[in-house]
Amino acid sequence: MKHRWKTSGLPGWIGFIILMIFLLFPLYWLIITSFKHNMDIYRFPPQFIPRNFTLANYRAILNDNSVVRYLFNNLLVSSGTTLLTLAAASLAGYSLSRYSSVFGSVTRTALLSTQMFPIVGLILALYVIFRNLNLINTRFSLILSLSAVTIPFSTILIKGFFDDIPRSLEEAARIDGCPRLKTLFSIIMPLSKPGLLAIGLFTFMQAWDDFLFAITFILKDSKRTLSAGIAMKFLGEVSYDWAQVTTVSVAGVLPMFILIFLFQRNMVTGLTAGAVKG
Amino acid sequence: MTRNSKTGDRLFGVLLLVPSILIVGGFIFLPVIQSVYYSFFDFKLTRKKLPLLWNGGANYRGLWESGKLQNAFFITFQFMLIVLIAVFLIGLLMSLAMNKGRKAERTARSLALLPWGTPTVIVALLWSWMFQPEYGVVNFLLMHFKIISEPLGFLVNPDTALASVAVAAVWRQLPFMFIMLLAGLQGIPAEMYEAAEIDGASPRQSFWHITLPFLRNVIRSSILVTIITNFKQFPLFWTMTGGGPMGRTETLAILTYKNAFVNLNFGVGAAVAASWMLTLILFSLLYNRIFKEAEY
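Chains as they are written, first to last, in our numbering: chain A, 585 to 862; chain B, 36 to 331.
Structural data, given as structure tokens:
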């Protein structure tokens, strides 16, 4: 181990500390701004430690129905997308792993190529499609479009996990007369839990992050999700209400931070499983 | 195995793919094809009933003659390059420094991941707040350390706007690059370094001849992800600058969206979209070709 690259003494440590400050100070700033009184927020020089600590901004947010609704809608859309993606991607990934065919390899190439298409480029045509389907202003339109974006990556990722499960399990099940679908659900899926967890987490995070679909397909405030809601509600006015913006932001960031702390290991294995194999 | 079970296998394999094909086909491939199709038509959302009027390449010509398409390509490319270089170099140094797995470093590692979990719009808002001209903390710090003498309007000044958005992008993407490279480093067997040292290799030599070659796959995929992410970056620009000041942050994504949903001119928006989709596809084909040739 000691032959790996060593932090080169003092300069290395200073660089490391500057980097950590760069990464963490903005989050500290976000959080303390949300605990400051409005008059302290617009003070220059700014207070690096809030002198008059207050919960007033949080109380205001909790009493504001629309913010609670944004959070709820975001949770609904992200969970829906995660479920749909898990279902579709695990089936497709299994098929690509086990039943190789020309059709399968065409599908695989097609899925990989979607990573290249910019969403902004296709969103106007997507808008026309949803308008024809009467899905504008529905959260379902967000679930469908987000799933279309997350399924390809998830399929490729979960295929890698299935590839690591020995085929002899299926052969044994077949000899015992177990139907294919039952083999998949009662033997293979339980063994792929880490992979399913990883793609579920990525999908949830990506759906939680959505802004573009939400500002384009949702025009009613009651159906808005978090990112779109914050941008529309608090940034439309002439001067921004930074106390409110930072407080809502903390609420939007917190679920992601909890996920990272709980599942950091699973995410890292998931992310790198695909990349290291190439 | 009977013939019957073979056709059964084939059918089962195809059936499993159906849900994904329907969703991805219907909501990605179909709109991509339609976008390209619309780009040759006079298609404005303001008209209720739409007889699409073929106008040949007028959308493309108009964009080219106004110089907006070239400008957007230039800005997008500039942005992508700044972010890529910063993220890759800093990420590489950071992963080399933290590749030890001591307990303190593991905690630092999960803290360092937090920006990656911050939703992009919140990243944009947070940095807008810190870059704020009158009360912003960045101005205060830079003035305090005597780097600048008077407050800067980072996002409204044409000279600093693009770089300021790039800082926000680097902040969010650095953890991803770091984690990918770190995982790659940890996959390198320690014996390689031991053997190199016995053979008298200097640390620099082992870096160029062991570390980098082993990291090739990881570097290839994380650089591609970074390039694509920044090429299509939308929320940061839309929230922080909206394409201003004076078009200095008007990327391809912003130009597409403005034409389609602000000017309500789908035809022109689609023309912008089609030109950069084509660029991305050509680029990624070329990219994989280059990396394949470098293989040995």
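Beta carbons: idealized from backbone N, C-alpha and C, even for Gly.
Based on the DSSP output, what are the partners of residue i in its beta bridges?
| i | result |
| --- | --- |
| N721/A | DSSP lists no partner for N721/A. |
| L855/A | DSSP lists no partner for L855/A. |
| W273/B | In the DSSP output, where bridge partners are listed per residue, W273/B has none listed. |
| W89/B | F76/B |
| N300/B | K79/B |
Do you know offhand how far residue i's Cα is from residue j's?
| i | j | result |
| --- | --- | --- |
| E755/A | A672/A | 24 Å |
| G97/B | V303/B | 8 Å |
| L785/A | I58/B | 20 Å |
| Y3/B | E100/B | Past the boundaries of the shown model lies residue 3/B; chain B is included only from 36 to 331, so the question cannot be answered. |
| F811/A | L819/A | Residue identity check: residue 811/A is Ser in the sequence provided, not Phe. Taking the straight line from one Cα to the other gives about 11 Å. |
| A231/B | S241/B | 7 Å |
| F326/B | R251/B | 9 Å |
| Y322/B | H179/B | 45 Å |
| I625/A | P634/A | 9 Å |
| E229/B | L216/B | 21 Å |
| F175/B | P186/B | 8 Å |
| A305/B | N298/B | 13 Å |
| P248/B | I125/B | 19 Å |
| M275/B | W164/B | 10 Å |
| F701/A | F123/B | 23 Å |
| S669/A | T787/A | Reading off the sequence, residue 669/A comes out as Thr, not Ser. So the alpha carbons of these two residues sit roughly 7 Å apart. |
| T153/B | N300/B | 33 Å |
| Q699/A | D234/B | 44 Å |
| P66/B | M623/A | 49 Å |
| I63/B | A225/B | 44 Å |
| L708/A | I68/B | 12 Å |
| G677/A | G61/B | 19 Å |
| V686/A | F795/A | 37 Å |
| S770/A | P280/B | 58 Å |
| G599/A | R849/A | 25 Å |
| P774/A | W311/B | 42 Å |
Ordered along the chain, which non-local residues of its own chain (more than five positions away) have a Cβ less than 7 Å from that of residue i?
| i | result |
| --- | --- |
| S681/A | K743, F746, D747 |
| L695/A | P736, T739, I740 |
| K817/A | S650 |
| L88/B | F76, D77 |
| G278/B | F272, T284, E285, I289, K293 |
| I316/B | none |
| I615/A | V834 |
| L127/B | L216 |
Could you check if residue i is buried or exposed, using at least 16 other CB atoms within 10 Å of its CB as the buried criterion?
| i | result |
| --- | --- |
| G222/B | exposed |
| M212/B | buried |
| S199/B | buried |
| M851/A | buried |
| G761/A | exposed |
| K181/B | exposed |
| I605/A | exposed |
| A827/A | buried |
| G597/A | Note that residue 597/A corresponds to Trp in the displayed sequence, not to Gly. By the neighbour-count rule (16 or more Cβ atoms within 10 Å), W597/A is not buried but exposed. |
| A791/A | buried |
| Q208/B | buried |
| R808/A | buried |
| T734/A | buried |
| D194/B | exposed |
| N134/B | buried |
| G171/B | buried |
| S74/B | buried |
| A640/A | exposed |
| I601/A | exposed |
| G219/B | buried |
| T142/B | exposed |
| F724/A | exposed |
Apart from the five residues on each side of it in sequence, which residues of its chain come closer than 6 Å, Cβ to Cβ, to residue i?
| i | result |
| --- | --- |
| V269/B | Here the sequence assigns Phe to residue 269/B, which means Val is not the residue at that position. Around F269/B: A288. |
| G188/B | P168 |
| S257/B | M212, M215 |
| S319/B | none |
| F637/A | F619 |
Leaving out the 5 sequence neighbours to the left and right, which residues in its chain are closer than 8 Å to residue i when beta-carbon positions are compared?
| i | result |
| --- | --- |
| P629/A | none |
| A201/B | F114, I117, V118, A121 |
| D793/A | S811 |
| P595/A | none |
Please tell me whether, using a cut-off of 7 Å, the distance from the CB of residue i to the nearest non-hydrogen atom of the ligand ATP is below it.
| i | result |
| --- | --- |
| T831/A | The ligand content of the structure shown is nil, which means the ligand ATP is not present either. |
Using 8 Å as the threshold, is the stretch 284 to 301 of chain B in touch with the stretch 149 to 160 of chain B, meaning 3 or more CB pairs across them?
When Cβ pairs closer than 8 Å are counted between the two stretches, the stretch 284 to 301 of chain B is seen not to touch the stretch 149 to 160 of chain B, the count staying below three.
How about the stretch 643 to 660 of chain A and the stretch 776 to 790 of chain A: do they share at least three Cβ pairs that are nearer than 8 Å?
Flag = no, the stretch 643 to 660 of chain A and the stretch 776 to 790 of chain A do not touch.
Three or more beta-carbon pairs under 8 Å between the stretch 839 to 848 of chain A and the stretch 675 to 694 of chain A, yes or no?
Too few Cβ pairs lie closer than 8 Å, so no.
If we count Cβ pairs, one from each stretch, closer than 8 Å, do we get three or more for the stretch 717 to 729 of chain A versus the stretch 791 to 806 of chain A?
Verdict: yes, contact present.
Members of the stretch 731 to 765 of chain A near chain D, C-beta cut-off 7 Å:
Judged by its chain identifiers, the structure shown contains no chain D, and its protein chains are A and B.
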